[in-house]
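J.:
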Amino acid sequence: MSEDVFAPLSGKIVSIDIQPGAAVEEDDEILVIEAMKMETPVFAPCSGTVAKVQVKEGDSVEEDDLLAVIE
Amino acid sequence: MRPYFETMVPFGDALKKGTLKRTEKNLEAVQAAEADLTKAEDAVKSAGLPEEKINARGQMTVWQRLAYLVDDNTWTPLHTLYNPEDNPEGTTNVVDGIGRINGKWAVIIGFDNKVMAGAWLAGQSENILRVTNLAKRLNIPLVWLVNCSGAKLTEQEKFYANRRGAGTPFFRHAELEQQGVPVLAAIYGTNPAGGGYQSVSPTVLFAHEKCNMAVGGAGIVSGMAPQGEFTVEMAEDLVARAKEHRAKPPGSCATHHDATGFFRYVFTKEEEVLDGIKDYMKDMPAYAPKFFRVAEPKAPAFETEEVMRLLPMAPKKVYEFDQILARLVDGSEHLEYRPDYGPEIYTGLCKVDGYLVACIGNRQGYLGKGYPEYADYPGIGGKLYRQGLIKMNEFVTFCARDRVPVIWFQDTSGIDVGDIAEKAELLGLGQSLIYSIQDSDLPMMTAILRKGTAAAHYVMGGPQGNRNNAFTIGTSATEICVMHGETAAVATYARRLVKEKDAGQDLQPVVDKMNELAQKYVETSTPQYCAKTGMVDEVVSMKDLRQYMQAFAGSVYQNPKSICPQHHMILPRIIKDQETLRQKTAASAAKGAGS
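Protein chains in written order, with this note's numbering: chain A, 136 to 206; chain B, 3 to 597.
1) Count the other CB atoms within 10 Å of the CB of proline 511 (chain B); is the residue buried (16 or more) or exposed (fewer)?
2) What does DSSP give as the partner residue(s) for threonine 175 (chain A) in the beta ladder?
3) Is aspartate 378 (chain B) helix, strand or coil when you go by DSSP?
4) Could you compute how far the alpha carbon of arginine 174 (chain B) sits from the alpha carbon of glutamine 66 (chain B)?
5) Only counting the same chain, and skipping five residues up and downstream in sequence, which positions put a Cβ closer than 6 Å to that of tyrosine 339 (chain B)?
6) Between which residues of its own chain and asparagine 149 (chain B) is the CB-CB distance below 6 Å, once the five residues before and five after are set aside?
7) Taking the C-alpha atoms as reference points, what is the distance between glutamate 322 (chain B) and glutamine 366 (chain B)?
8) Tell me the start and end of each unbroken alpha helix (DSSP H) in the stretch 369 to 430 of chain B that is at least 4 residues and wholly inside, in chain order.
9) Which residues does DSSP pair with leucine 147 (chain B) in a beta bridge?
10) Determine the closest residue to proline 194 (chain B) out of B:Lys154, B:Val183, B:Ala227, with distance taken between C-alpha atoms.
11) Is the CB of alanine 179 (chain A) under 8 Å away from at least one CB in chain B?
12) Going by DSSP in three states, valine 320 (chain B) sits in which element: helix, strand or coil?
13) Residues of the stretch 326 to 356 of chain B in Cβ contact with chain A at a cutoff of 8 Å, in chain order, please.
14) Counting only Cβ pairs nearer than 7 Å, list the residues of chain B close to threonine 175 (chain A).
15) Sorted by chain position, which residues of the same chain lie with C-beta nearer than 8 Å to valine 309 (chain B)'s C-beta, five sequence neighbours on each side aside?
16) Among B:Lys106, B:Leu499, B:Cys532, whose alpha-carbon lies nearest the alpha-carbon of methionine 2 (chain B)?
17) Could you check if tyrosine 289 (chain B) is buried or exposed, using at least 16 other CB atoms within 10 Å of its CB as the buried criterion?
18) Helix, strand or coil for tyrosine 348 (chain B)? Go by DSSP, reduced to three states.
19) DSSP three-state call for phenylalanine 473 (chain B): helix, strand or coil?
20) Which whole-angstrom value describes the C-beta separation of proline 407 (chain B) and methionine 446 (chain B), a residue pair presumed to lie in contact below a C-beta threshold of 8 Å?
21) Serine 254 (chain B) by DSSP, collapsed to three states: which one?
22) Would you say leucine 391 (chain B) and leucine 428 (chain B) are within 8 Å of each other, going by their C-beta atoms?
23) Indicate whether at least one CB of chain A lies closer than 8 Å to the CB of proline 374 (chain B).
24) Could you check whether methionine 10 (chain B) and leucine 337 (chain B) sit closer than 8 Å to each other, using their CB atoms as the reference points?
25) Could you please give the first and the last residue of the uninterrupted beta strand (DSSP E) stretch that includes asparagine 214 (chain B)?
26) At what residues does the alpha helix (DSSP H) containing aspartate 355 (chain B) begin and finish?
27) Alpha carbons only, please: which of B:Lys41, B:Ala35, B:Lys18, B:Ala45 is nearest the one belonging to phenylalanine 178 (chain A)?
28) Say whether chain E places a C-beta atom closer than 8 Å to the C-beta of isoleucine 382 (chain B).
29) For the alpha helix (DSSP H) containing glutamate 335 (chain B), name the first residue and the last one.
30) CA-CA distance, proline 574 (chain B) and tyrosine 6 (chain B)?
31) Do you know how far the Cα of phenylalanine 411 (chain B) is from the Cα of glutamine 33 (chain B)?
32) So, is the C-beta of leucine 144 (chain A) closer than 8 Å to a C-beta in chain B?
33) CB glutamate 598 (chain B) to CB lysine 160 (chain B), shorter than 8 Å?
34) At the 8 Å Cβ level, is methionine 171 (chain A) part of the contact set with chain B, yes or no?
35) In chain B, which residues lie with their C-beta within 8 Å of the C-beta of glutamate 81 (chain A)?
36) So, for leucine 435 (chain B): in the same chain, excluding its five sequence neighbours on each side, which residues have a beta-carbon less than 8 Å away from its beta-carbon?
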């Protein structure tokens, strides 16, 4: 079972708190997107292990872009 | 209306393990900021002579009098750090707040007799006018603990005269009395001149046997006509006269109880004076709580202290406003008004101690595709757009009709700007909201949760609405300014930069000025600065936000001037019918999608 994490809005990735292989718990803050002068945290949708991180700090993302995968 | 209000719609979520973990740093930051705040408040409370010295004179301090007078766990302080003229004493020298006395809510204010025997200081009359406005807005008694030595004569030019000077409170007492708001006064100590009017202007006077009040005190009576200069011979004469008058100051209880009868009661012990006030408060006009309650009081389903985790200290961090509100209102229940319109704004009916209140707050974060509908750019919570402004106008207007008091929660960066926003009528809609608020004649309180910025700070129930806004509180995350300091620096210096650049000049001096201005904004928008200058009436611990809402709701419903019968209210019915319609539409859409 894996769960994809999508960008809730367009913006710039300003911080990433996970790396592949790391364990996360549901509702952990995994990265932050900055847009329109505000920082929107993205939380882990489930507990598990980070299988993939699709972005890096400074990347621009569009709404619904894949950010990470949690297994 | 029991089916509407007894159990409303539950909202909010319990904190998950991950939430607890990731909010730990914010909790620590809030606790550190609140510890600083407590330190500043303690400095104000310990201003002047130590308590032991006052007690050794056979007197209680103002704080001891308050502790004796006010019902347990109901003291809700205001203006603790208010010191707009930056007095070296660290205070305006009055202590005030809302509290219950013998079960009835009152606005309570007392002179700090530890500081210059309760002298008038700069900024004090502004403080008192806030307090008289509060009693007027809430329509509850004003209780004074008078112990006022008169003006600090060495600084009289700062406060004695002027339209809102030290004499204005006496007119306000008369105004309150004319409007049926009683002003009760416990009188202690020596109260000459200004102190005399502080004593005599209330409605019923309860005196301690050693107090006095007079048009002029011993210091004036023992003086002499001005002769151009002082000499040693005159000084010797002055010493003799002063000794005589100090032994028997004018306006004692013998004069103002036995002769004039101004003091209605005289008591031997300090506590007995307060007992006299308590006894009178028992008979002050008040509805029984059951008259207005729409349900039994209930604690929120989630701990109010959790707000310290959920309200970010970081000014740019997005959070869920609904989760905060769920920790402040009875049972974490509500009836939300138009949830599918104006997503940047929450509007809904909630309960506080079983009383119906209307809550309005800024939602944060991305507002979804296609919003605002008039623009080709995305919307973000904290900003106000057309729908949000219209929704607030509607909601306030219905609340006025149903006589439901409003509690505002601000965390706003302003109203959407640009020509597209102008065409969407946002300038006019902002002022329309001010019109709706002013037209409502509803009592309101405002909590500036985090940002109070630009015109949005005015239109969302800001303290500028003097007639409506009873009081405004802040938190340790509060930041109030016209715009972000860096934005202000750009607005101020952009043209100058262009000019300097065109002239081939070094830009660094202008850049330095820009940084200075941005830093000034930081320093003049902190919670403590806001409290000191009166931008908020108190900065409160996040865990105490509900206590202020309880004091507000209890006071507002104690003796309102205007009533809407519960079964005549229209707003809950509109909300119910909107929800029914929404469910039908959703069901029919689902059916359509399935076929």
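We put the beta carbon where it would ideally sit given N, CA and C, even for glycine. Bear in mind the structure is a predicted one, so any value in this text is a computation, not a measurement.
T.: Straight from the coordinates:
1) Locating residue 511 (chain B) in the second sequence gives position 509, where the first residue counts as 1. Under this definition proline 511 (chain B) is an exposed residue.
2) Looking up residue 175 (chain A) in the first sequence gives position 40. Threonine 175 (chain A) is bridged to A:Ile168.
3) Taking the first residue of the second sequence as 1, we reach residue 378 (chain B) at position 376. Coil.
4) Within the second sequence, numbered from 1, the residue matching residue 174 (chain B) stands at position 172. Within the second sequence, numbered from 1, the residue matching residue 66 (chain B) stands at position 64. So the alpha carbons of these two residues sit roughly 27 Å apart.
5) Along the second sequence, one-based indexing puts residue 339 (chain B) at 337. Thr349, Gly350, Phe397, Ile577, listed in sequence order.
6) Here the question's residue 149 (chain B) lines up with position 147 in the second sequence. Phe113, Asn115, Gly120, Tyr190, Gly191, listed in sequence order.
7) One-based indexing of the second sequence puts residue 322 (chain B) at position 320. One-based indexing of the second sequence puts residue 366 (chain B) at position 364. Whole-angstrom Cα-Cα distance: 6 Å.
8) 388 to 404, 421 to 425
9) Taking the second sequence and counting its residues from 1, one reaches residue 147 (chain B) at position 145. Per DSSP, B:Gly112, B:Ala188.
10) Locating residue 194 (chain B) in the second sequence gives position 192, where the first residue counts as 1. Here the closest residue by C-alpha is B:Lys154.
11) Locating residue 179 (chain A) in the first sequence gives position 44, where the first residue counts as 1. Yes, alanine 179 (chain A) lies at the interface with chain B (some Cβ there is under 8 Å from its Cβ).
12) For this step, residue 320 (chain B) is matched to residue 318 along the second sequence. Note: valine 320 (chain B) maps to coil in three-state DSSP.
13) none
14) Mapped onto the first sequence, residue 175 (chain A) falls at position 40. Chain B residues near threonine 175 (chain A): Val320, Gly367, Tyr368.
15) Your numbering for residue 309 (chain B) matches position 307 in the second sequence. The answer, listed in chain order, is Ile326, Arg329, Leu330, Met544, Lys545, Leu547.
16) The question about residue 2 (chain B) has no answer, for chain B in this structure spans 3 to 597.
17) Position 287 of the second sequence, counted from the start, is the residue given in the question as residue 289 (chain B). By the neighbour-count rule (16 or more Cβ atoms within 10 Å), tyrosine 289 (chain B) is not buried but exposed.
18) The count along the second sequence starts at 1 and reaches residue 348 (chain B) at position 346. Strand.
19) As a first step, residue 473 (chain B) is located in the second sequence; it is residue number 471 there, counting from the start. Strand, per DSSP.
20) Position 405 of the second sequence, counted from the start, is the residue given in the question as residue 407 (chain B). Position 444 of the second sequence, counted from the start, is the residue given in the question as residue 446 (chain B). Sure, about 7 Å apart at Cβ, within 8 Å.
21) For this step, residue 254 (chain B) is matched to residue 252 along the second sequence. Residue state, collapsed to three classes: strand.
22) On the second sequence, residue 391 (chain B) is found 389 positions in, with the first residue counted as 1. On the second sequence, residue 428 (chain B) is found 426 positions in, with the first residue counted as 1. Yes; because the gap between Cβ atoms is below 8 Å, this pair is in contact.
23) Stepping through the second sequence from its first residue, residue 374 (chain B) is reached at position 372. Proline 374 (chain B) does not count as touching chain A.
24) The residue labelled residue 337 (chain B) in the question sits at position 335 within the second sequence. The residue labelled residue 10 (chain B) in the question sits at position 8 within the second sequence. Going by C-beta atoms, leucine 337 (chain B) is nearer than 8 Å to methionine 10 (chain B).
25) Along the second sequence, read from residue 1 onward, the residue named residue 214 (chain B) stands at position 212. Taken as a continuous stretch (DSSP letters only), the beta strand (DSSP E) holding asparagine 214 (chain B) covers 214 to 216.
26) Against the second sequence, residue 355 (chain B) aligns to sequence position 353. Element bounds for aspartate 355 (chain B): n/a, residue is neither H nor E.
27) Residue numbering aside, residue 178 (chain A) sits at position 43 when the first sequence is read from its first letter. Here the closest residue by C-alpha is B:Lys18.
28) Absent from the structure is chain E; the protein chains it does hold are A and B.
29) For the purposes of this step, residue 335 (chain B) is taken as the residue at position 333 of the second sequence. Here glutamate 335 (chain B) belongs to no alpha helix (DSSP H); instead the beta strand (DSSP E) covers 335 to 338.
30) Taking the second sequence and counting its residues from 1, one reaches residue 574 (chain B) at position 572. Taking the second sequence and counting its residues from 1, one reaches residue 6 (chain B) at position 4. Approximately 7 Å between the Cα atoms of the pair.
31) On the second sequence, position 31 is the one that residue 33 (chain B) refers to. On the second sequence, position 409 is the one that residue 411 (chain B) refers to. Each residue's alpha carbon lies about 21 Å from the other.
32) As a working mapping, residue 144 (chain A) is identified with position 9 in the first sequence. Leucine 144 (chain A) counts as touching chain B.
33) Shown here, chain B extends from 3 to 597; a query on residue 598 (chain B) therefore has no answer.
34) Along the first sequence, one-based indexing puts residue 171 (chain A) at 36. Yes, its Cβ sits closer than 8 Å to a Cβ of chain B.
35) Outside the displayed range of chain A (136 to 206) lies residue 81 (chain A), so it cannot be described from this structure.
36) Position 433 of the second sequence holds residue 435 (chain B). Correct list, in chain order: Leu391, Met394, Asn395, Val398, Val461, Met462.
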